[in-house]
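Take a look at the structure below.
In mature numbering (1 follows the signal peptide of the UniProt record, and there is no 0), the protein residues as written are -21 to -1, 1 to 396.
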């Protein structure tokens, strides 16, 4: 499981996915096999802006209104059941997907779509909420979608994933900085949303983020022993079922699926449960803390460890590529996840339960830094006291796979905002 996840979009991409448990009525978004799916999202991290308690308090302070549900996407009933969660595939042991274990989840409702920019805009207008990206004053954006004007003003990059650049003024309302807007993407998943932002949105909508188990169960759409939520072929009969990267990453995205960035939330077929974009487009947040330690005992509604450093995000983004992994049921996307610091701001929408869209997403990873730039980064990081985990990448080759795997190697101070 690549550590990360709100189907909220991060340009990096992370999104929020809402979940409502049927038993409780109204109870309550870049990584790859190349390090969060290869987009370098796992390198985009900030130190927490507050304690978990303060984030929960802030979320609870967002007043819920009866009209909120009218602004939230339609939900679908997910019947409870048992499934095999995770994988025993030895490919990426540090992702924490092993061992494969039997899990039972109760029935719940989940948003059919990722949280859109328009829905998040309604939340902002109704509550006056200020996202963490807006408070920080900047966010990370994939270099390939920035204007030349914006790029000319940037002198730094993420050492481990140099295609991610810190852009002043980048947030959910200005995805690529101040010279961009959301006018033509109101139906796209929202991006630059942190986990705390996702929780606040969920509170307003009287919903919650899904657990990792709920998300993975929903992603599979009731299928067993399949690589993808729709079967064993990535593009059956030549049809694209997800917004993923095609081409030479990060240099060229051919857009064979019709999109080179995020796509409108209903652009691809739904899975058997009626859920769209469970794979690709943007990463999705979940409520679980990330861990590599799992029991093989049969579990009922697991919720992950009680505490941790990183929240789990799932599903991949449009920046994910070369992620066909043998024996990964529902492929990398349903089983594998990628970690994000709980206050990363390059996230996008999530499905409610809740999603992160950064790969999005927020989507993940390489160590390129010459001596001079590294010294500069360290100097800035010490100044801002920001910490960033880096991962040493190992490239593996096989007949049908060309995966770049991440393994914990060292910790570096991260690029300050």
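Cβ coordinates follow ideal geometry from the N, Cα and C atoms, glycine included.
Comparing C-alpha distances from residue 288 to each of 267, 102 and 300 shows the shortest one belongs to 267. Counting only runs of at least 3 residues, the stretch 56 to 135 fully encloses the following beta strand (DSSP E) elements, listed from N- to C-terminal order: 60 to 64, 80 to 84, 87 to 90 and 117 to 121. Assignment of residue 215 by DSSP, reduced to helix, strand and coil, places it in the helix class. With a 10 Å radius around the Cβ and a threshold of 16 neighbouring Cβ atoms, residue 292 comes out buried. Scanning 238, 282, 201 and 247 for the CA closest to the CA of residue 221 turns up 247. Note on geometry: alpha-carbon atoms of residue 120 and residue 209 lie some 30 Å from one another. If you look at residue 267, you'll find it in the beta strand (DSSP E) that goes 262 to 268. Assigned with DSSP and collapsed to three states, residue 178 falls in helix.
Beta-bridge partners assigned by DSSP to residue 210: 207. Ranked by Cα distance from residue 146, the options 257, 223 and 127 are led by 127. Per the C-alpha coordinates, the member of 158, 190, 139 and 197 positioned closest to residue 280 is 190. Beta-bridge pairing by DSSP links residue 222 to 259. Within the same chain, and ignoring the five residues on either side of residue 225 in sequence, the residues whose Cβ sits closer than 8 Å to its Cβ are 232, 233, 234, 235, 236 and 300. For residue 199, the three-state secondary structure derived from DSSP is helix. Judged by pairs of C-beta atoms under 8 Å, the stretch 97 to 109 does not touch the stretch 258 to 274, as fewer than three such pairs exist.
Annotation: the continuous beta strand (DSSP E) that includes residue 145 extends over 143 to 147. Residue 285 counts as exposed, since fewer than 16 other beta carbons sit within 10 angstroms of its beta carbon.
Cα atoms of residue 181 and residue 90: separation of roughly 11 Å, rounded to the nearest angstrom.
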